[in-house]
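K.L.:
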Amino acid sequence: MSMTPLVPDTSRDPNMAGKGGRPGPPSGATTLVILATLIAAFSLVPLGYVAFMTLTTGWDTVMELVFRPRVGELLLNTILLVVVTLPLCLVLGVGGAWLVERTDLRGHRWWALALAAPLAIPAFVNSYAWASTIPSLAGLGAGTLIATLSYFPLIYIPVAATLGRLDPAIEQSAASLGLGPWAVFFRVVLPQLRIAMAGGSLLVALHLLSEYGAFAMIRFDTFTTAIMIQFQSTFNGAAGNMLASVLVLLCLLLLVSEAKIRGNARYSRVGSGAQGLAIRMRLGRHEIGAQSLLVAVLVLSVCVPLYSVVRWLIAGGIAIWDPTEFFPALAQTMGYGLTGALVTCVVAFPMAFLAVRHANWFSKLLELSNYITSSMPGIVVGLAFVTVAIRLVPGIYQSAYVLLAAYVLLFLPRALVNLRAGLSQAPRELEEAARSLGRSPAVAFFRVTLRLCAPAAAGGAALVFLAIVNELTATLLLAPNGTRTLATAFWAKSSEIDYAGAAPYALLMILISIPMTYVLFQQSKKAAGQ
Numbered sequence: 001m002s003m004t005p006l007v008p009d010t011s012r013d014p015n016m017a018g019k020g021g022r023p024g025p026p027s028g029a030t031t032l033v034i035l036a037t038l039i040a041a042f043s044l045v046p047l048g049y050v051a052f053m054t055l056t057t058g059w060d061t062v063m064e065l066v067f068r069p070r071v072g073e074l075l076l077n078t079i080l081l082v083v084v085t086l087p088l089c090l091v092l093g094v095g096g097a098w099l100v101e102r103t104d105l106r107g108h109r110w111w112a113l114a115l116a117a118p119l120a121i122p123a124f125v126n127s128y129a130w131a132s133t134i135p136s137l138a139g140l141g142a143g144t145l146i147a148t149l150s151y152f153p154l155i156y157i158p159v160a161a162t163l164g165r166l167d168p169a170i171e172q173s174a175a176s177l178g179l180g181p182w183a184v185f186f187r188v189v190l191p192q193l194r195i196a197m198a199g200g201s202l203l204v205a206l207h208l209l210s211e212y213g214a215f216a217m218i219r220f221d222t223f224t225t226a227i228m229i230q231f232q233s234t235f236n237g238a239a240g241n242m243l244a245s246v247l248v249l250l251c252l253l254l255l256v257s258e259a260k261i262r263g264n265a266r267y268s269r270v271g272s273g274a275q276g277l278a279i280r281m282r283l284g285r286h287e288i289g290a291q292s293l294l295v296a297v298l299v300l301s302v303c304v305p306l307y308s309v310v311r312w313l314i315a316g317g318i319a320i321w322d323p324t325e326f327f328p329a330l331a332q333t334m335g336y337g338l339t340g341a342l343v344t345c346v347v348a349f350p351m352a353f354l355a356v357r358h359a360n361w362f363s364k365l366l367e368l369s370n371y372i373t374s375s376m377p378g379i380v381v382g383l384a385f386v387t388v389a390i391r392l393v394p395g396i397y398q399s400a401y402v403l404l405a406a407y408v409l410l411f412l413p414r415a416l417v418n419l420r421a422g423l424s425q426a427p428r429e430l431e432e433a434a435r436s437l438g439r440s441p442a443v444a445f446f447r448v449t450l451r452l453c454a455p456a457a458a459g460g461a462a463l464v465f466l467a468i469v470n471e472l473t474a475t476l477l478l479a480p481n482g483t484r485t486l487a488t489a490f491w492a493k494s495s496e497i498d499y500a501g502a503a504p505y506a507l508l509m510i511l512i513s514i515p516m517t518y519v520l521f522q523q524s525k526k527a528a529g530q
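Under the UniProt record's numbering, read the sequence shown as residues 1 to 530, first letter to last.
#1: Does the segment 475 to 495 touch the segment 322 to 334, meaning 3 or more C-beta pairs lie closer than 8 Å?
#2: Can you tell me where the alpha helix (DSSP H) with Glu325 in it begins and where it stops?
#3: Among Ser127, Ala238, Leu90, Leu145, which one has its Cα closest to the Cα of Met63?
#4: In terms of residue numbering, what span does the alpha helix (DSSP H) encompassing Gly213 cover?
#5: Which term fits residue 566, buried or exposed, when burial requires 16 or more other beta carbons within 10 angstroms of its beta carbon?
#6: Distance, Cα to Cα, Leu179 vs Pro168?
#7: Measuring straight from C-alpha to C-alpha, what distance separates Ala120 and Arg194?
#8: Whose C-alpha, out of Ala389, Ile379, Ile146, is nearest the C-alpha of Leu410?
#9: Which of helix, strand or coil does DSSP assign to Thr483?
#10: Please tell me whether Ser375 and Leu166 are closer than 7 Å, where the distance is taken between their beta carbons.
#11: Any heavy atom of the ligand SAM inside 6 Å of the beta-carbon of Ala114?
#12: Going by DSSP, which residues form a beta bridge with Met281?
#13: Taking 6 Å as the limit between beta carbons, can you name the residues of its chain near Met516, skipping five residues before and five after?
#14: Touching or not, the segment 405 to 419 and the segment 353 to 372, by the rule of three or more beta carbon pairs under 8 Å?
#15: Among Thr144, Phe231, Gln192, Val248, which residue has its Cα nearest to the Cα of Ile218?
#16: Could you give the residue range of the alpha helix (DSSP H) that holds Gln291?
#17: Taking C-beta to C-beta, are Leu243 and Tyr371 nearer than 7 Å?
#18: May I ask you to report which of helix, strand or coil DSSP gives Ile134?
#19: Looking only at its chain, what residues have a beta carbon closer than 6 Å to the beta carbon of Tyr336, apart from the 5 residues adjacent to it on each side?
#20: Can you round the beta-carbon distance between Ala384 and Pro46 to whole angstroms, since I take them to be within the 8 Å contact cut?
#21: For Ala406, which option in Ala456, Ser369, Ala474, Pro413 has the closest C-alpha, if you only look at C-alpha atoms?
#22: Within 10 Å of its beta-carbon, does Lys493 have 16 or more other beta-carbons around it, so buried, or fewer, so exposed?
#23: Please report how far the alpha carbon of Leu140 lies from the alpha carbon of Leu450, in whole angstroms.
#24: By the DSSP assignment, the alpha helix (DSSP H) with Met53 in it spans what residues?
#25: What residues in its chain sit with their C-beta under 7 Å from that of Leu65, if we drop five residues either side in the sequence?
#26: Identify every run of the beta strand (DSSP E) within the segment 144 to 210, keeping only runs that are complete inside it and at least 3 residues long; order them along the chain.
#27: Report back the beta-carbon spacing between Ala315 and Ala500 to the nearest angstrom; my notes put them in contact at under 8 Å.
#28: Is Ala458 helix, strand or coil when you go by DSSP?
#29: With C-beta atoms as the reference, is Val346 less than 7 Å away from Val408?
#30: Work out the CA separation of Thr373 and Leu392 for me, nearest whole Å.
#31: Of the choices Leu477, Gln192, Leu423, whose alpha-carbon is the least far from that of Leu452?
#32: Where does Asn360 fall in DSSP's three states?
#33: DSSP state of Leu472, grouped into three classes?
#34: In terms of residue numbering, what span does the alpha helix (DSSP H) encompassing Leu115 cover?
#35: Any idea what DSSP makes of Val393, helix, strand or coil?
#36: Using only the alpha-carbon positions, how far apart do Gly213 and Gly58 sit?
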């Protein structure tokens, strides 16, 4: 009986196939499989925690806790939030990218950066700004507004980068056959954006499932806010564990849907000659409407939060500034952010490489395990690490190692999606050509593939850094004694309705995030060859 290999063998010889064949997979592929398997097993620790707590609860209690009206209410709220917010993020992300990259929009270079700017403002800071400006803001509408304004750049950035590096020759050929601009976009361009759209949409949906601070501030109940309330009241209650189990099932449905949409698609250009420049579509009389829409998005997503923060800074005066509190929080935030970003990208690479170069059922299963963990609320991941550390390795409890491990598991998909997209755009044929010229597999990989996907890796690191700077719940639970980050200090003040006291920390988080957002934007331009 034959078995499907974990890494498909494309040649008999590790460097070259038989006569007329192609170079085979790198000799280190098996090592990557082992590393990816260990990483996936480690990433399942939080899921194992939830499963263990579920099994020890008892079947009768599980049925009683899951099938109750409160769970149905939370399920409806969560589904409505995803169903309403995700299409809006797609419209803003894809539409904004198309206007910037494919039209003669005036100031398109400035708009390219401006549309990425909302990523520098944490979702819970955005919620703080709106809630402190309009105290009556609450419910699904408020949650949709804040989530859309906070998360649409997660779709815009990869789609804009992909549009920038698509070969326009295909579009020009379609136009020469009589297709109009809109037909070319929907029938030629949009299908090539599938990977970027699916990956960005998955990130948005996972954020919606796991976000706590933004929705708690506007009193909108989701599974995550309910789980936090349960754990705050009982620390390790059965009701909270059952809610987490339902949340994991929702995440699994999202992951399966994204995998079906993405498939094994890979778009890259191979051939002689330089890639031509895309022909920008003339907006004509639609220029004013396009500019007005972009201005409205920028005002709502950037200007309103900044106005609110500045207003509270002025109201608080000099009394709210205390360097003895700000500088230590700033230093600890930067330290955790930079270290966590580097470690996360290194950990994500084996998984991304297998997903692109050796895609099969096993690599997809490994990738799936990481998305499941990242979709879980930070409080669940934090409690899982607390339990494991206390029971198995008490010496590392409340250490920086445990907190960094939680960051890696929570934000691994941010690096994984970018690395996967970068590897998909790095033609395998170039690496094979280097090997056919006598380069060893390792040398060909480092000099060709790794260099081509470096911009994507930098973009993933920037996203991870932003996430760590903004992380709240896991940091509150796992941080060593005396640790005080900008996010935890901000939450402590805002939870006490001390909006003025929270404003300095909000400002510092935004200021830290701005350079990394700019780096992310520049790396996306480099990846697009611009």
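Note that CB positions come from ideal geometry on N, CA and C, so glycine has one too.
Note that the structure is a prediction, hence the values are computed from the model and not measured.
P.N.:
So, from the data block:
#1: yes
#2: 323 to 357
#3: Ala238
#4: 213 to 217
#5: The chain is shown from 1 up to 530; residue 566 falls before or after that span and cannot be answered.
#6: 14 Å
#7: 26 Å
#8: Ile379
#9: coil
#10: no
#11: For the ligand SAM, the structure offers nothing, since it holds no ligand at all.
#12: Thr103
#13: Ala462, Phe465, Leu466
#14: yes
#15: Thr144
#16: 287 to 298
#17: no
#18: coil
#19: Ile468
#20: 4 Å
#21: Ala474
#22: buried
#23: 44 Å
#24: 45 to 57
#25: Ala238, Ala239, Met242
#26: none
#27: 5 Å
#28: helix
#29: no
#30: 20 Å
#31: Leu423
#32: coil
#33: coil
#34: From DSSP, Leu115 is part of no alpha helix (DSSP H); its letter is neither H nor E.
#35: coil
#36: 31 Å
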